[in-house]
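Presented below is the structure to which this report refers.
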Ligand SMILES: *Cc1c(COP(=O)(O)O)cnc(C)c1O
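Residue numbers (my numbering): 42 to 408.
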């Protein structure tokens with residue numbers, strides 16, 4: 042079976058480096074908020090083109106802490122997309138703010154600026170822009186849009202490690218960028234981890250208090266925070282995995298280019314091509330198909346795993362049924378959730394594997 046991820050087939054040099062990183066931390070006897078974490082924060086902030094990185098427990102907390110560090114909470118509205126991991130919206134709810142859901146552009150799956158415009162109100166404080174599937178697209182237009190509306194841009198970069206727009210990395214456009222290092226992400230830890238990145242000294246300082254019970258100096262708590270710290274074993278292993286990230290990203294992009302060029306089946310529709318190679322890091326390679334469930338079954342019968350990102354748009358989730366939506370509806374998101382399918386596109390996928398996926402995709406017949 043060709044799987045969506047294949048961690049155990051990673052290069053043995055990487056597997057060994059991960060083990061010795063864990064060994065290093067255990068030998069040191071320092072496990073939470075230490076030198077490994079600070080080094081990873083420095084390295085990841087630098088890769089993200091900003092001054093500060095604040096390591097946190099996971100990607101969802103990175104978004105919640107970003108909002109709270111900006112004093113966004115009860116009474117405020119934050120606009121985002123229903124076509125995302127539930128965590129994006131849950132983070133907004135946990136901050137105390139109200140999420141407002143705008144529709145996507147059907148060709149890219151990314152948030153539609155027109156729809157976000159219809160969602161603005163006097164209470165809007167921020168847009169959480171999700172670089173869905175690993176693609177950053179016209180972030181400069183989002184900066185202008187948010188500046189004109191007098192609101193913050195927060196980038197949800199959980200799927201977009203090292204994606205670049207005109208050589209500038211994802212995470213460097215908004216007031217804050219939020220990253221997840223969940224195992225399946227392009228840069229993944231063997232556990233939960235996250236980080237927020239920013240150029241703003243005050244936001245970085247507030248975020249590092251918030252992740253640690255709101256503590257300013259030891260045992261003093263001027264504000265109510267949470268417990269969301271990046272531990273040393275995850276950080277040490279992420280430092281090792283970061284050394285491979287560029288090569289792994291190149292491989293994803295090469296596989297995606299082959300899929301775009303070689304999958305030609307009238308029953309299967311490609312998403313819009315990325316504007317440039319650097320602007321899409323293909324966390325997921327997604328196609329659309331009117332008979333999506335039949336395609337999923339066909340692929341399975343050919344030994345190819347596929348998954349749906351995402352089968353239920355957020356506004357159809359039970360806790361979100363009274364969420365405010367674009368008054369014109371979220372029809373593109375609904376349509377997308379019924380037709381989208383993600384096929385294997387990970388760095389360990391061999392050329393032979395790619396050919397098998399292409400053959401399986403091209404041999405599908407519409408039902
Ligand atoms: C994975 C993901 C998150 C949440 O990250 P966790 O580390 O799992 O909390 C948020 N947003 C998007 C778009 C994601 O893909």
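Glycine is no exception: its CB is placed at the ideal position from the N, C-alpha and C atoms. What you are looking at is a predicted structure, and each value in this text was computed from that prediction instead of being measured.
Residue i: first and last residue of the uninterrupted beta strand (DSSP E) it sits in
i	result
residue 323	Careful: residue 323 lies outside any beta strand (DSSP E) and carries neither H nor E.
residue 120	118-121
residue 310	309-311
residue 169	165-171
residue 221	217-221
residue 94	93-97
residue 195	193-197
residue 142	139-142
DSSP bridge partner residues for residue i (one or two, in chain order)
i	result
residue 290	Partner(s): none; residue 290 has no beta bridge.
residue 403	DSSP lists no partner for residue 403.
residue 176	321
residue 388	Paired residues: none, contrary to the question.
residue 232	Partner(s): none; residue 232 has no beta bridge.
residue 238	94, 218
residue 205	210
residue 73	272
residue 365	141
residue 348	383
residue 328	311, 382
Supposed close pair residue i, residue j - CB separation, criterion 8 Å
i	j	result
residue 226	residue 204	Not a contact, Cβ separation roughly 12 Å.
residue 274	residue 54	With 8 Å as the limit, residue 274 and residue 54 do not qualify as a contact, their Cβ atoms being about 19 Å apart.
residue 222	residue 229	6 Å
residue 209	residue 94	That pair is no contact at about 16 Å.
residue 387	residue 47	6 Å
residue 164	residue 117	6 Å
residue 336	residue 382	6 Å
residue 251	residue 79	Residue 251 to residue 79, Cβ: 17 Å. No contact.
residue 121	residue 142	7 Å
residue 270	residue 73	5 Å
residue 106	residue 97	6 Å
residue 123	residue 360	About 13 Å separates the two Cβ atoms, so there is no contact after all.
residue 129	residue 104	6 Å
residue 283	residue 84	6 Å
residue 147	residue 376	7 Å
When the options are compared against residue i, the one with the closest alpha-carbon
i	options	result
residue 86	258, 202, 50, 357	202
residue 134	50, 372, 143, 102	102
residue 357	347, 369, 374, 349	374
residue 245	218, 261, 335	218
residue 113	136, 331, 129	136
residue 297	77, 378, 384, 69	384
residue 408	334, 66, 396	334
residue 330	372, 115, 378	378
residue 191	167, 289, 77	167
residue 88	211, 50, 394	211
residue 315	295, 372, 376, 99	295
residue 193	179, 206, 207, 170	170
residue 82	224, 238, 153, 129	238
residue 206	92, 180, 224	180
residue 308	339, 292, 285, 224	339
residue 393	300, 312, 313, 348	300
residue 290	184, 389, 76, 100	389
residue 348	376, 380, 371	380
residue 115	66, 138, 99	138
residue 35	352, 376, 369	The question about residue 35 has no answer here: the residues shown for the chain are numbered 42 through 408.
residue 318	140, 111, 60, 178	178
residue 370	56, 77, 155, 395	155
residue 149	249, 310, 391, 395	310
Continuous alpha helix (DSSP H) stretch holding residue i: start and end
i	result
residue 379	372-380
residue 106	100-110
residue 69	53-69
residue 336	333-342
residue 129	127-136
residue 159	154-160
C-beta neighbour in chain B for residue i, strict 8 Å
i	result
residue 195	Of the protein chains in this structure there is only one, and it is not chain B.
Stretch-stretch touch, CB-based, cutoff 8 Å, three pairs: the segment 365-373 with the segment 154-164: By the criterion of at least three beta-carbon pairs nearer than 8 Å, the segment 365-373 is in contact with the segment 154-164.
Are at least three pairs of beta-carbons, each pair with one atom in the segment 224-234 and one in the segment 267-279, less than 8 Å apart? When Cβ pairs closer than 8 Å are counted between the two stretches, the segment 224-234 is seen to touch the segment 267-279, the count reaching three or more.
Just checking, does the segment 164-174 make contact with the segment 317-327 on the three C-beta pairs under 8 Å criterion? A contact exists between the segment 164-174 and the segment 317-327.
For the 8 Å Cβ check, are there 3 or more pairs between the segment 396-403 and the segment 335-346? As far as the Cβ criterion goes, the segment 396-403 touches the segment 335-346, which means the pair count is three or higher.
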